[in-house]
Amino acid sequence: MVQDNHFFPGVPRTLWKNRVNKPVMLGTNHDEMAYREVRTQRINITTYTKSFAEIELISRYASFFQNQARPTLDALEGVYLDHGSNTSDDEHLNILKFVVDAETTWFFTGPAGEEVSYYLQNNNPNVYLYEFTYASYLNNLTHTYPGYNPVVHGAQSEYVGMGYSSWLRSQADGKINATDIAIANFFGETWTNFAKFGKPTLDDTWKPVKSSGLTSMEYMEIGANIGMRTGYRTNDRTQYETAALMAGQNRPQTPKDVITSSATLLLNPTLDMFVDRILET
């Protein structure tokens, strides 16, 4: 993000040491990038073949892999495709899920795990992590692929913001159940507690993250069975870190030929606050 060729003071991996240790809550949804693949593109399911997936993942999203594109894709296929490299082109739903999983890893869950690790390196004792895993009727009113009920980007907003039209329609269709109510109450209580007290639960049921280990990072699963878990998106975090090593560079890179600057160049206090928050996260 630039203004008159002035780049922000840095990127997260160089700024984390300067962060103020205050309470932080962050999290992801189980199938974040299904928002784009399922809801936005709305292409025919038969379009999802292995060759299409490779073009989608490598040509469009990961040009920084360069000569490591093929090994990276092979590694991803081994993790996220049910039959690995032996997956046939007619396994369209399997391939769609593969694309969603890989994209979610690169743009959401991988960076989220990295962010938590930065906070822990800086000895922040109040970092609360979650994953939203509940695929409800509320979140799939425009669902287009039978047999696939992803928890897409923004799915939690129906429970945090209580969208009137979505709830009204779901209620009219007889699709609101006890789990929907419980999750809405949980979001309402924990978000309010965090805003008021700096922690989501007053009885410490939702515990802060203590470990950055691939199999031990603690998080709250918000779903049909709400509770603390360990090993936040282990496969995703492994692939995210491995991909960077294979590519020979970390993400993101500071753009070349720009002037590194500070948030004080921005035009008003509101923007300053916005940028400060970006730089912290």
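Counting in the UniProt record's numbering, the sequence shown runs from 1 upward without gaps. Idealized CB from N, CA, C, for every residue including glycine.
Beta-bridge pairing of residue i - partner residues as DSSP gives them
i           : result
Leu129      : Leu26
residue 304 : Because the chain is modelled from 1 through 281, residue 304 falls outside the range shown and cannot be assessed.
Neighbour-count burial assignment, residue i, 16 or more Cβ in a 10 Å radius
i      : result
Leu202 : exposed
Ala102 : buried
Arg277 : At Arg277 the pLDDT is 39, less than 50, meaning the model places this residue with poor confidence; the figure from the coordinates comes in the next sentence. It counts as exposed.
Lys97  : buried
Ala112 : buried
As assigned by DSSP and simplified to three states, the class of residue i
i      : result
Gly188 : helix
Tyr134 : coil
Glu103 : helix
Trp167 : helix
Glu115 : helix
Pro200 : coil
Tyr148 : coil
Pro208 : coil
Pro12  : helix
Gln156 : coil
Leu120 : helix
Ala172 : helix
Proximity to residue i [Cα-Cα], best of the options
i      : options                           : result
Arg229 : Thr238, Thr242 and Glu131         : Glu131
Tyr219 : Tyr35, Leu129 and Gly110          : Leu129
Tyr35  : Gly231, Lys210, His153 and Glu189 : His153
Val100 : Thr190, Glu56 and Thr179          : Glu56
Asp180 : Asn225, Ser212 and Asp204         : Asn225
Pro150 : Phe108, Pro208 and Glu37          : Glu37
Pro12  : Thr144, Tyr145, Ser117 and Ser216 : Ser117
heavy atom of the ligand HEM below 7 angstroms from residue i C-beta
i     : result
Ala53 : The ligand HEM is not part of the structure shown, which contains no ligands of any sort.
What alpha helix (DSSP H) runs, 4 residues minimum, are completely inside the segment 16 to 84? 50 to 54 and 69 to 80
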